[in-house]
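Q: For the sequence shown, the residue numbers in my numbering are 315 to 869. Positions of the beta carbon are idealized from the N, C-alpha and C atoms, including for glycine.
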Amino acid sequence: MTGIRLHAPEPGWAVDADVVVIGSGVAGLTTALRCEAAGLRTVVVTKANLDDGSTRWAQGGIAAALGEGDTPEQHLDDTLVAGAGLCDEPAVRLLVTEGPDAVRRLMATGAAFDRTSDGEISLTREGGHHRRRIAHAGGDATGAEISRALVEAVRARGIRTVEHALVLDLLKDDEGRASGVTLHVMGEGQHDGVGAVRAPAVVLATGGMGQVFSATTNPPVSTGDGVALALRAGAEVSDLEFVQFHPTVLFLGAGAEGQQPLVSEAVRGEGAHLVDADGVRFMLGQHELAELAPRDIVAKAITRRMREQGTEHMYLDARHFGAEMWEQRFPTILAACRAHGIDPVTDPIPVAPAAHYASGGVRTDLRGRTTVPGLYACGEVACTGVHGANRLASNSLLEGLVFAERIAADLAEHGPHREGVARTGAAGAVLTLIAPEARRDIQRIMTRYAGVLRSAASLTAATDALEALRQGAEDDRKAAEPGVDSWETTNLLCVARVLAASALAREETRGCHWREDHPDRDDERWRRHLVVHLTPDRSPVVRTTGTADFPPVTP
Numbered sequence: 315m316t317g318i319r320l321h322a323p324e325p326g327w328a329v330d331a332d333v334v335v336i337g338s339g340v341a342g343l344t345t346a347l348r349c350e351a352a353g354l355r356t357v358v359v360t361k362a363n364l365d366d367g368s369t370r371w372a373q374g375g376i377a378a379a380l381g382e383g384d385t386p387e388q389h390l391d392d393t394l395v396a397g398a399g400l401c402d403e404p405a406v407r408l409l410v411t412e413g414p415d416a417v418r419r420l421m422a423t424g425a426a427f428d429r430t431s432d433g434e435i436s437l438t439r440e441g442g443h444h445r446r447r448i449a450h451a452g453g454d455a456t457g458a459e460i461s462r463a464l465v466e467a468v469r470a471r472g473i474r475t476v477e478h479a480l481v482l483d484l485l486k487d488d489e490g491r492a493s494g495v496t497l498h499v500m501g502e503g504q505h506d507g508v509g510a511v512r513a514p515a516v517v518l519a520t521g522g523m524g525q526v527f528s529a530t531t532n533p534p535v536s537t538g539d540g541v542a543l544a545l546r547a548g549a550e551v552s553d554l555e556f557v558q559f560h561p562t563v564l565f566l567g568a569g570a571e572g573q574q575p576l577v578s579e580a581v582r583g584e585g586a587h588l589v590d591a592d593g594v595r596f597m598l599g600q601h602e603l604a605e606l607a608p609r610d611i612v613a614k615a616i617t618r619r620m621r622e623q624g625t626e627h628m629y630l631d632a633r634h635f636g637a638e639m640w641e642q643r644f645p646t647i648l649a650a651c652r653a654h655g656i657d658p659v660t661d662p663i664p665v666a667p668a669a670h671y672a673s674g675g676v677r678t679d680l681r682g683r684t685t686v687p688g689l690y691a692c693g694e695v696a697c698t699g700v701h702g703a704n705r706l707a708s709n710s711l712l713e714g715l716v717f718a719e720r721i722a723a724d725l726a727e728h729g730p731h732r733e734g735v736a737r738t739g740a741a742g743a744v745l746t747l748i749a750p751e752a753r754r755d756i757q758r759i760m761t762r763y764a765g766v767l768r769s770a771a772s773l774t775a776a777t778d779a780l781e782a783l784r785q786g787a788e789d790d791r792k793a794a795e796p797g798v799d800s801w802e803t804t805n806l807l808c809v810a811r812v813l814a815a816s817a818l819a820r821e822e823t824r825g826c827h828w829r830e831d832h833p834d835r836d837d838e839r840w841r842r843h844l845v846v847h848l849t850p851d852r853s854p855v856v857r858t859t860g861t862a863d864f865p866p867v868t869p
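Structure, rendered in structure tokens:
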């Protein structure tokens, strides 16, 4: 137990529940619906509006063995290959075998997927998949449709929600078990300011931490709040060095920062080609699947070609689709490109890699339990062992769906633990807050020194620069006042320091972790997982597991 908490006022109001779910993406809302159906009093806390989670930004779709001739075993094989030797096979097997029925239950909840003329689910291919197994909705608006269906179901069931609320810290009882969370509600409403949701089961479904980099596909709310909360509460995180950079993000200029428009892998799945400034298809010969190689391979190939040619982007050429296909199959991407002065019907699309997905996160077992009793995690905030060193395309929505159901089943079977005496406030040393203006400094440090290309020198520079920001905040004259911006910036600094420490420790190139000074994969030394916890003085401690097996969770 670290004994660290954010500097914040004491809770001025409280809500009681059996389960509190933090996050309103596919993982959070699925957990809430299943828990409520099991008779558990459930409260959903979300940082923005209920429908503003990361799920709604997902374009490509959800992967599952739904098509004729496809099997869970084939899906498992593709996932293991993409994960570059670090997937936990029991977790992957669970994902691919439970996945198809989980998708069918999602459809029963109201999610409408695109259909073929004969009424079958329309399936496409994406990188790393040897079969067409990606179900999609609205052409390229799958996440928006899933979010719509789940939000409507949550509202129809009357599940209590607290919107515009930033989660702060975990509450624990006198036995050290989770007993709720503190949170800050932004603006006026039923609740205002800092309060608490008291519950013996806490489910983190807070999404990713893409805002730790300057350019990302993640929305502004993705500031690593769940990972930072878990670390402060004494939980372990794993595999945080494996940040997936999506290969094809619309290039808006060298100085562009913040959320960038994604050009879905499904565009390549339908036959688009990656070309350089001379029109050469440089992925041919790089991998048997060419443009549909796993994302880490494509991102590295793009970056390598950019360096060779001294350019800032490559091109995605799908002019041969024609206007009708663009308008029907990829209307969202078409509109985004045209909004930035690019017409994919007549012009190649300038693309470059940008931070997209955290394959690592808060370490869990196959029931979503973390190393802190009563604290669960699912979705992008969690590390279940499914993704290994590189997530297979469109496995993220499926992972959130499957493991959300498993958490709800665990809680329904065993019931929330209520024996300890709950505390009314978060205990522990108060953490000095980082000034909001440091947010861009953190992002630029991480982009420059811990992005697609890394080395001991660059990662040491990142570590030193991040530590300087932390030390600077210790000066009372620079300490920030409590508030949403300072809390988010403090969370970003926490996850950035752990990510940089993990990346510095892994002296090899594997999956989406690319070390220029260690360009080869080293199974003998590094087919292992890195597990990190914080010491009471907030220093990240990185340990290496003894084998490639995903370590058990023993709260």
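(1) Just the Cα atoms here: how many angstroms apart are G457 and G655?
(2) Please classify C349: does DSSP put it in a helix, a strand, or coil?
(3) Excluding the five sequence neighbours on either side, which residues of its own chain have a C-beta within less than 7 Å of the C-beta of V541, listed in chain order?
(4) Which of the three DSSP states, helix, strand or coil, is assigned to H443?
(5) What separation, rounded to the nearest whole angstrom, lies between the Cα atoms of R784 and G599?
(6) Could you check the C-alpha separation between T369 and A463 for me, to the nearest Å?
(7) Just to confirm my understanding: we take L806, look at its own chain, exclude 5 residues before and 5 after, and list those with CB closer than 7 Å. What are they?
(8) Please state whether the Cβ-Cβ distance between A449 and I376 is less than 8 Å.
(9) Determine contact between the segment 827 to 839 and the segment 345 to 355, defined as no fewer than three beta-carbon pairs at a distance below 8 Å.
(10) Do you know how far the Cα of D851 is from the Cα of V798?
(11) Can you tell me whether V516 is buried or exposed? The criterion is at least 16 other CB atoms within 10 Å of its CB, across all chains shown.
(12) Compare the beta carbon distance of H701 and C349 with 8 Å and say whether it is the shorter of the two.
(13) Going by the CB atoms, is the gap between A580 and G374 shorter than 8 Å?
(14) Go to K361, then tell me how far its beta strand (DSSP E) extends in each direction, as first and last residue.
(15) What does the alpha-carbon distance come out to for the pair L564 and H587?
(16) When DSSP builds the beta bridges, which residues end up paired with I748?
(17) Out of W801, D487 and V359, state which residue places its alpha-carbon closest to the alpha-carbon of A519.
(18) Can you list the alpha helix (DSSP H) stretches of 4 or more residues lying completely in the segment 812 to 852, in chain order?
(19) In this structure, how does DSSP classify T423 when only helix, strand and coil are distinguished?
(20) Have a look at P658 and D384 and give me their C-alpha separation to the nearest angstrom.
(21) Measure the alpha-carbon distance for I663 versus L364 and round it to whole angstroms.
(22) Given this structure, state the Cα-to-Cα distance separating R446 from P608, to the nearest angstrom.
(23) If I follow the unbroken beta strand (DSSP E) through F717, where does it start and stop?
(24) Evaluate contact between the segment 715 to 732 and the segment 610 to 622, counting only Cβ atoms and requiring at least three cross-stretch pairs below 8 Å.
(25) Less than 8 Å between the C-beta atoms of A372 and V716, yes or no?
(26) Could you check how far apart the C-beta atoms of V577 and Y629 are, in whole angstroms? I think they sit under 8 Å.
(27) What separation, rounded to the nearest whole angstrom, lies between the Cα atoms of I748 and A794?
(28) If we count the other Cβ atoms within 10 Å of its Cβ and call it buried at 16 or more, is S431 buried or exposed?
A: Quick answer:
(1) About 25 Å.
(2) Helix, per DSSP.
(3) If we look at V541 and ignore the five residues flanking it on each side, its Cβ neighbours are M523, V551, G675, V676, V695 and V809.
(4) Reduced to three states, the DSSP call for H443 is coil.
(5) Approximately 46 Å, taken between the alpha carbons.
(6) Near 12 Å, if we compare the C-alpha coordinates of A463 and T369.
(7) Within the same chain, Cβ atoms closer than 7 Å to the Cβ of L806 are found at Q525, V526, T537, G538, R753 and I756, the five residues on either side in sequence being excluded.
(8) In this structure, the beta-carbon distance from A449 to I376 falls below 8 Å.
(9) Using a C-beta cut-off of 8 Å, the segment 827 to 839 makes no contact with the segment 345 to 355, since fewer than three inter-stretch Cβ pairs fall below that distance.
(10) The alpha-carbon atoms of V798 and D851 are separated by roughly 23 Å.
(11) By the neighbour-count rule (16 or more Cβ atoms within 10 Å), V516 is buried.
(12) No; because the gap between Cβ atoms is not below 8 Å, this pair is not in contact.
(13) Taking 8 Å as the cut-off, the Cβ atoms of G374 and A580 count as close.
(14) That residue, K361, is in no beta strand (DSSP E); it is neither H nor E in DSSP.
(15) Looking at the two C-alpha atoms, the distance is approximately 15 Å.
(16) I748 is not bridged to any residue.
(17) Of the listed residues, the one whose Cα sits closest to A519 is V359.
(18) Complete alpha helix (DSSP H) runs here, min 4: 837 to 840.
(19) Helix.
(20) The straight-line gap from Cα to Cα measures roughly 32 Å.
(21) Rounded to the nearest angstrom, the two C-alpha atoms are 33 Å apart.
(22) If you take the alpha carbons of R446 and P608, they lie about 15 Å apart.
(23) No beta strand (DSSP E) contains F717, which is instead part of the alpha helix (DSSP H) from N709 to H728.
(24) No: fewer than three Cβ pairs fall under 8 Å.
(25) Not closer than 8 Å, so no.
(26) The pair is not a contact, with the Cβ atoms about 11 Å apart (cut-off 8 Å).
(27) A straight line joining the alpha-carbon of I748 with that of A794 spans about 6 Å.
(28) Counting Cβ neighbours within 10 Å, S431 comes out exposed, since fewer than 16 surround it.
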